[in-house]
Structures are given as C-alpha cells and as structure tokens.
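Here the sequence shown is numbered in our numbering, starting from 1 and rising by one per residue. Below: the structure, in structure tokens.
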Amino acid sequence: MFRSLYFWTLRLAGHRHAVRYMAGVSFAESSFFPIPPDVMLVPMILARREEAYRIATVCTVASVLGGIVGYFIGYFLYDSVGLWLINLYGAHDGLAEMERWYADWGAAVILVKGFTPIPFKIVTIASGFFQYNFPLFVLLAAITRGGRFFLIAWALRRYGPPVQDFIERRLNLIGAGLLVALIGGFAAIRLI
C-alpha cells in the first residue's frame, strides 16, 4: 500500500503544478486539514533536490498564511468554526490545560508544537482563541514551521540518494511509523 502511494507521490512531485498543490496542503493543514504537508514535501524534494530550499520556502509561507487563517478562526469564529474543528480533533477537553501552558510558557508552546507531529491547526486556533500577541504568533509560526521544513530540505538535499534508498527499502516500516506518528499526534491532543 505504501509503496504505490510513495511512487505515485514521487510522480506527482514532477507535475508542473506540484509546488502549488503542496502549498495548498501546507496552507490547509495549518488551519483545518488533517494531513501534514510532509507527505508531499519529502517526495518533492527527493524528486527535485536542486529546488529543496525553494520548495521549503513555499511550504513555510503557505503554512504561516494558513496559520494566520487558523488564528483568525480562533479569534473571530471560535464559537462556530473553531469549536467545531477543536471538537473534531478531540482537543476540547484539553483546552483549559493548553490555556495554562500559554499563560506559563507562551512562545515555547508555539515553537515546540509547531515542530512536532501534533497538528499545527490546534496551535493556530488556540493562539487566536487565547488572543495571543498576533505579530509574535506570526513570527513564532514562521520560525517553527520554517525550521521544520528547512531542516527536512537540508537533510534531503545533502543526503538525498542514501535517504531515498533507505526510504524505498523500508517503505512499509516508514509508512507505518508515519501513520503511528500522525495518530500519536491526534492522541496527544486528546491527552493535553
């Protein structure tokens, strides 16, 4: 299952609109979509290693813009759209705990959670809901998302062929690991 999906994604990475599609996924993931942009980012960089930093830049900008939409959902639309999304991801019960985290650690919450498999949309909506300082939120979102995507770009550009060979030889194991990380991210939200 993972092998055909992987090679399909590699072929898609060569499409002339692939960067736009990845930008759309990255934007949507930061505000409402459940799938992280890494599923497109990694194969795209493997297919176009010479464009790794441009791809990471597009992914970062789209993610931050989507994060701004998520922030505004939390700030202006929490009682309707925001609450629905928070409940959809099972994070409503953990919102009080998250509010304490924001009060105690603020910036660290955004920086750490933006770099982990925990869905970033929870952070963006919560930041708006708690009325976290907007310019600081945008700066922190750019740092954490850029850090994550540029680290991936650097590693794949630098070590692309061995990484690609490793991925292709252990595709089922890696696919299962990514699935567990994604489910773990959603489970972590419920435990917050």
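Glycine residues also receive a C-beta, built at the ideal position from the N, C-alpha and C atoms.
Where residue i falls, given that 16 or more other Cβ within 10 Å makes a residue buried
i	result
ALA103	exposed
PHE149	buried
ASP38	buried
LEU140	buried
PHE27	buried
ILE68	buried
SER30	buried
PRO36	buried
For residue i, the nearest candidate out of the options (CA to CA)
i	options	result
GLU50	PHE137, ALA153, ALA28, ASN133	ALA153
VAL109	PRO161, LEU88, PHE137	PHE137
PHE115	ALA28, THR144, TRP101	THR144
TYR53	ALA155, ARG100, GLU99	ALA155
ASN133	ALA142, GLY106, TYR159	GLY106
THR113	ALA142, LEU77, PRO135	The amino acid occupying residue 113 in the given sequence is Lys; Thr does not appear at that position. Ranking ALA142, LEU77, PRO135 by Cα distance to LYS113 puts ALA142 first.
MET98	VAL123, GLU29, GLY82	VAL123
Reduced DSSP secondary structure (H/G/I, E/B, other) of residue i
i	result
PHE27	helix
ILE118	coil
ASP38	helix
PHE134	helix
LEU77	coil
GLY165	Sequence check: residue 165 is Asp here, not Gly. Helix.
PHE149	helix
ARG48	coil
ARG16	coil
PHE72	helix
PHE33	coil
ASP93	coil
GLY160	helix
GLY106	coil
Neighbourhood of residue i by C-beta, 8 angstroms cutoff - its chain only, sequence neighbours within 5 removed
i	result
LEU85	PHE32, ILE73, LYS121, ILE125
Close-in-space but distant-in-sequence residues of the same chain around residue i (CB under 6 angstroms, 5 per side omitted)
i	result
GLY146	THR60
ALA15	The identity of residue 15 in the sequence shown is His, whereas the question assumes Ala. Excluding positions up to five away in sequence, the list is empty.
ARG157	ARG49, ALA52
Beta carbon of residue i nearer than 9 angstroms to that of residue j
i	j	result
ALA18	MET40	yes
GLY66	GLY128	no
PRO43	ALA13	yes
LEU46	GLN164	yes
MET22	VAL64	no
Same chain, Cβ closer than 7 angstroms to residue i, neighbours up to 5 away in sequence not counted
i	result
PRO34	PRO119
Cβ of residue i within 9 angstroms of any chain C Cβ
i	result
TRP101	In the structure shown, chain C does not exist; there is a single protein chain.
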